[in-house]
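Numbering (the working numbering), first residue to last: 33 to 289. Presented below is the structure to which this report refers.
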């Protein structure tokens with residue numbers, strides 16, 4: 033996702049509501065119950081990529097059972113398409129409505145022996161993260177080989193405490209809800225860390241596109257909204273440290289209850 037597009041539009045909505053941004057919202061955006069997501073990132077040699085797919089497939093029944101009994105609301109895996117030196121090549125993830133739900137499934141994963149499989153042991157790098165979201169939505173179903181985009185931002189130290197909430201309610205959620213209703217995307221969420229392994233103030237805007245064309249449609253929608261509300265870019269930039277901004281593009285398999 034183009035981070036500059038979000039930036040120019042964001043505070044046009046929050047600072048120039050009278051210019052028409054508020055009218056784009058069909059209803060007031062409200063926070064949802066907390067959704068937690070556990071992600072395991074792996075940097076794997078290319079010789080192990082096929083075996084990684086087999087390992088993920090072997091964990092499918094465990095995730096299906098956790099989804100069926102309500103412990104998990106979504107799960108999937110990603111293959112990074114824009115590779116960086118020593119960056120993650122793959123990740124696996126699942127979401128639950130409580131931290132306990134995440135940890136109970138994680139316990140099952142450890143007991144299954146997956147983390148000590150030859151594929152995982154071959155990783156040159158590995159890290160985990162636990163996120164929490166209060167703004168999210170999805171279509172129920174399963175999708176294979178679709179596309180995900182994620183944009184990471186870091187707020188400046190003097191940004192308001194409610195900066196992420198304001199951005200979510202006035203920009204991101206209304207736009208992505210429209211994309212969801214049109215079928216352009218299957219899921220979106222705005223994440224912060226539940227367990228801080230990054231500096232506080234970091235947040236992520238993520239969505240799963242229905243297909244490659246969906247990526248273009250989302251960015252076109254951002255550009256269209258930007259033209260309708262051309263004010264406020266400098267205000268957003270004054271709150272976000274762009275030297276730390278990063279974008280990620282992945283090929284994704286996902287299931288949501």
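Virtual Cβ for every residue (Gly too), placed ideally from N, Cα, C.
Determine the extent of the alpha helix (DSSP H) in which residue i is found, giving its start and end residues.
i	result
residue 141	131-144
residue 83	81-90
residue 110	Unbroken run through residue 110 is the beta strand (DSSP E), 106-112; no alpha helix (DSSP H).
residue 151	150-153
State the start and end residues of the unbroken beta strand (DSSP E) segment that holds residue i.
i	result
residue 231	Segment: none, residue 231 is in no beta strand (DSSP E) and carries neither H nor E.
residue 71	67-75
Quick one: grab the DSSP three-state call for residue i.
i	result
residue 128	strand
residue 55	Its pLDDT being 42, under 50, residue 55 is placed unreliably in this model, and the coordinates cannot settle the point.
residue 285	strand
residue 241	strand
residue 223	strand
residue 61	coil
residue 273	coil
residue 248	helix
residue 264	Here the model assigns residue 264 a pLDDT of 42, short of 50, so the residue's position is not dependable, and the following value carries that caveat. Residue 264: coil per DSSP, three-state reduction.
residue 118	coil
Tell me, to the nearest whole angstrom, how far the beta carbon of residue i is from that of residue j; I am working on the premise that it is less than 8 angstroms.
i	j	result
residue 106	residue 170	7 angstroms
residue 87	residue 151	5 angstroms
residue 217	residue 208	7 angstroms
residue 182	residue 74	Contact flag wrong, Cβ pair sits at about 16 angstroms.
residue 272	residue 186	7 angstroms
residue 172	residue 240	Incorrect: roughly 13 angstroms between the Cβ atoms, too far for contact.
residue 236	residue 223	4 angstroms
residue 99	residue 287	7 angstroms
residue 168	residue 220	6 angstroms
residue 285	residue 123	In fact, because the Cβ distance is near 11 angstroms, the residues do not count as touching under 8 angstroms.
Requested in this report: Could you pull out every unbroken alpha helix (DSSP H) segment of at least 4 residues lying fully inside the stretch 161-213, listed in chain order?
Outcome: 195-199
Query raised in the report: Does the stretch 96-115 come within contact of the stretch 191-199, defined as at least 3 CB pairs closer than 8 angstroms?
Result: no
Query raised in the report: Using 8 angstroms as the Cβ pair cut-off and three pairs as the minimum, do the stretch 58-72 and the stretch 153-169 touch?
Result: yes
Query raised in the report: Would the stretch 248-255 and the stretch 88-106 be scored as touching if the rule is three or more Cβ pairs under 8 angstroms?
Result: no
Query raised in the report: Does the count of Cβ pairs from the stretch 275-287 and the stretch 112-125 closer than 8 angstroms reach three?
Result: yes
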